[in-house]
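Undergrad: The structure is given below, and queries will be raised subsequently.
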Amino acid sequence: MIHPTAILHANAKIDASVEIGPYCVIDEHVTVGPDCVLASHVHLTGHTTIGAKNRFHAGAIIGDAPQDLKYADEPTRVRIGDGNTFREHVTVHRSNSVDEDTTIGSDNFLMANSHVGHNSHLGNRIILANGALIGGHVEIHDRVFISGNCLVHQFVRIGTLSLMQGSAGISQDLPPFCISWGVNGLCGLNVIGLRRSDVSADERRELKNLYHLLFHSGESLKSAIEIGAQRFKSESCVEMMKFIGEAKRGVCRHKARIRD
330 MIHPTAILHA NAKIDASVEI GPYCVIDEHV TVGPDCVLAS HVHLTGHTTI GAKNRFHAGA
390 IIGDAPQDLK YADEPTRVRI GDGNTFREHV TVHRSNSVDE DTTIGSDNFL MANSHVGHNS
450 HLGNRIILAN GALIGGHVEI HDRVFISGNC LVHQFVRIGT LSLMQGSAGI SQDLPPFCIS
510 WGVNGLCGLN VIGLRRSDVS ADERRELKNL YHLLFHSGES LKSAIEIGAQ RFKSESCVEM
570 MKFIGEAKRG VCRHKARIRD
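All residue numbers for the sequence shown refer to my numbering, where the first residue is 330 and numbers rise by one.
Below you can see the structure in the form of C-alpha cells.
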C-alpha cells in the first residue's frame with residue numbers, strides 16, 4: 330500500500346510488498362527490499378540499499394549527506410540488512426567516501442532521535458536507546474546496548490556484548506563484555522548480558538579473572554595481555570585480549586564509582 334501523498338522517484342527500486350505512509354519521500358538511487366514498512370514523513374535518500382522487513386517510524390531520515398566539511402557530494406552509500414527498527418526521527422548518514430559505505434546489519438533497534446554518523450559500521454542485534462549519538466567511523470560489534478543520551482566519539486570501536494550506561498561518553502575503545510559509565514570509565518563486566526547469551530559460568534569466571542588482571546593488577550595492558558594469553562583460553566577471553574591489543578585510541582579503564 331502506498332499513500333497518495335508519498336513522493337517516489339520513478340527510478341527508485343521498491344519491492345511491491347513495501348508499505349509507504351503519508352508524505353514519505355524515496356529518492357532516485359534507493360533500493361527497498363520486501364516487507365518493509367514506512368510510517369509517515371520518512372525520507373530515504375542517497376545511494377541507499379535496504380534489505381527486508383525493516384520498519385521506519387515517523388520522521389526517520391536515512392542516507393542523507395555526511396556532516397563532514399570535506400564531503401564533495403560524491404555518490405556515497407548506506408547499506409542496511411534485514412529486520413531493523415528505526416524509531417521516530419532516527420538519522421543515518423551516508424559515508425564521506427566512495428571507498429567505504431555506512432553499514433547497519435540486521436535485527437537492530439534504533440530508538441527515537443538516535444544518530445549514526447558517516448562511515449560507521451553496526452553489526453547485529455544492537456540497541457541504541459533514545460538520543461544515543463554515534464560519531465563517524467565508529468565500529469559497533471554485535472549485541473551491544475547503548476543507553477539513552479550516550480555519546481560515542483568518531484573512530485571508536487565498541488566490543489561485543491558491551492553496555493554503555495545512560496549519558497556515558499567514550500572517546501576510547503570499549504572492550505567486549507564490559508560496562509562503561511561516565512567518561513571513558515568501566516565499572517565491570519556485563520554479567521547479565523553474558524548470562525542471557527548463555528555464556529557458561531566457567532567462562533564468566535575466567536572473564537572476571539581476566540578483567541582483574543587487565544585493570545586491577547597494576548600491570549601494563551601489554552604485559553597483562555601477554556600474561557593473560559598464557560592463562561585464559563576461552564573464546565570470550567581471547568576475543569577481549571585481541572580487541573584490546575588492536576586498539577589504536579587506547580581503551581576505557583576501570584574507574585571506581587562514587588556512591589552516596
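Every residue, glycine too, gets a C-beta built ideally from N, C-alpha and C.
Please tell me whether aspartate 393 has its Cβ less than 8 Å away from any Cβ of chain C.
TA: You won't find chain C in this structure, because it holds only one protein chain.
Undergrad: Using a Cβ-Cβ cutoff of less than 6 Å, which residues in the same chain neighbour phenylalanine 484 once the five nearest sequence positions on both sides are dropped?
TA: Here residue 484 refers to the residue found at position 155 of the sequence shown. The residues are His466.
Undergrad: Across which residues does DSSP place phenylalanine 474 in a beta bridge pair?
TA: On the sequence shown, position 145 is the one that residue 474 refers to. Note: phenylalanine 474 sits in a beta bridge opposite Ile456, Leu492.
Undergrad: Suppose contacts are defined by Cβ-Cβ distances below 8 Å. Is isoleucine 409 in contact with glycine 380 by that definition?
TA: The count along the sequence shown starts at 1 and reaches residue 409 at position 80. The count along the sequence shown starts at 1 and reaches residue 380 at position 51. Yes; because the gap between Cβ atoms is below 8 Å, this pair is in contact.
Undergrad: Would you call aspartate 589 buried or exposed, if buried means 16 or more other Cβ atoms sit within 10 Å of its Cβ?
TA: Translated into the one-based positions of the sequence shown, residue 589 becomes position 260. For aspartate 589, the pLDDT reaches just 41, beneath the cut-off of 50, and the residue's location in the model is therefore unreliable, leaving the point undetermined.
Undergrad: Return the chain-ordered list of same chain residues with a C-beta closer than 7 Å to the C-beta of histidine 386, the five sequence neighbours on each side being excluded.
TA: Here residue 386 refers to the residue found at position 57 when the sequence shown is read from its first residue. Closer than 7 Å at the Cβ level, and outside the excluded window around histidine 386, lie Ala368, Phe415, Arg416, Glu417.
Undergrad: Quick check on the burial criterion: 16 or more other C-beta atoms within 10 angstroms. Buried or exposed for aspartate 502?
TA: If you number the sequence shown from 1, residue 502 lands on position 173. Aspartate 502 is buried by the Cβ-count criterion.
Undergrad: Starting from cysteine 507, trace the beta strand (DSSP E) both ways and give me its first and last residue.
TA: Stepping through the sequence shown from its first residue, residue 507 is reached at position 178. Counting along the chain, the beta strand (DSSP E) containing cysteine 507 begins and ends at 507 to 510.
Undergrad: Mark proline 333 as exposed unless 16 or more other C-beta atoms lie within 10 angstroms of its C-beta, in which case mark it buried.
TA: Locating residue 333 in the sequence shown gives position 4, counting from the first residue. The residue in question, proline 333, is exposed, as its Cβ has fewer than 16 Cβ neighbours within 10 Å.
Undergrad: From arginine 524 to valine 567, what does the alpha carbon distance come to, in whole angstroms?
TA: Counting from 1 along the sequence shown, the entry for residue 524 is found at position 195. Counting from 1 along the sequence shown, the entry for residue 567 is found at position 238. Each residue's alpha carbon lies about 18 Å from the other.
Undergrad: Is it right to say asparagine 340 is buried, meaning 16 or more other beta carbons lie within 10 angstroms of its own, or is it exposed?
TA: Against the sequence shown, residue 340 aligns to sequence position 11. Exposed is the call here.
Undergrad: How would you call aspartate 430, buried or exposed, if buried means at least 16 neighbouring beta carbons within 10 angstroms?
TA: Mapped onto the sequence shown, residue 430 falls at position 101. Answer is buried; the Cβ neighbour count reaches 16.
Undergrad: I'd like to know whether the C-beta atoms of aspartate 436 and asparagine 459 end up nearer to each other than 8 Å.
TA: Start at 1 with the first residue of the sequence shown, and residue 436 comes out as number 107. Start at 1 with the first residue of the sequence shown, and residue 459 comes out as number 130. Their beta carbons are not under 8 Å apart, which means aspartate 436 does not touch asparagine 459 by this criterion.
Undergrad: Can you list, in chain order, the residues of its chain with a C-beta nearer than 6 Å to that of proline 504? Leave out the 5 residues immediately preceding and following it.
TA: The sequence position of residue 504 within the sequence shown is 175, counting from 1. Same-chain partners within the cutoff: Gly488, Met569, Phe572, Ile573, Val580.
Undergrad: Helix, strand or coil: which one does DSSP assign to arginine 384?
TA: By one-based count along the sequence shown, residue 384 stands at place 55. Arginine 384: strand per DSSP, three-state reduction.
Undergrad: What is the DSSP secondary structure of glutamate 555, counted as helix, strand or coil?
TA: As a working mapping, residue 555 is identified with position 226 in the sequence shown. Helix at glutamate 555.
Undergrad: What does the Cβ neighbour count give for methionine 330, buried or exposed, with the cut at 16 atoms within 10 Å?
TA: For the purposes of this step, residue 330 is taken as residue 1 along the sequence shown, with counting starting at 1. The residue is exposed, with fewer than 16 neighbouring Cβ atoms inside 10 Å.
Undergrad: Go ahead and pull the three-state DSSP assignment for arginine 560.
TA: By 1-based counting over the sequence shown, the position of residue 560 is 231. In this structure, arginine 560 counts as helix in the three-state DSSP scheme.
Undergrad: Per DSSP, which one or two residues make a beta bridge with serine 449?
TA: Position 120 of the sequence shown, counting from 1, holds the residue named residue 449. DSSP, once it has assigned bridges, lists no residue as partnering serine 449.
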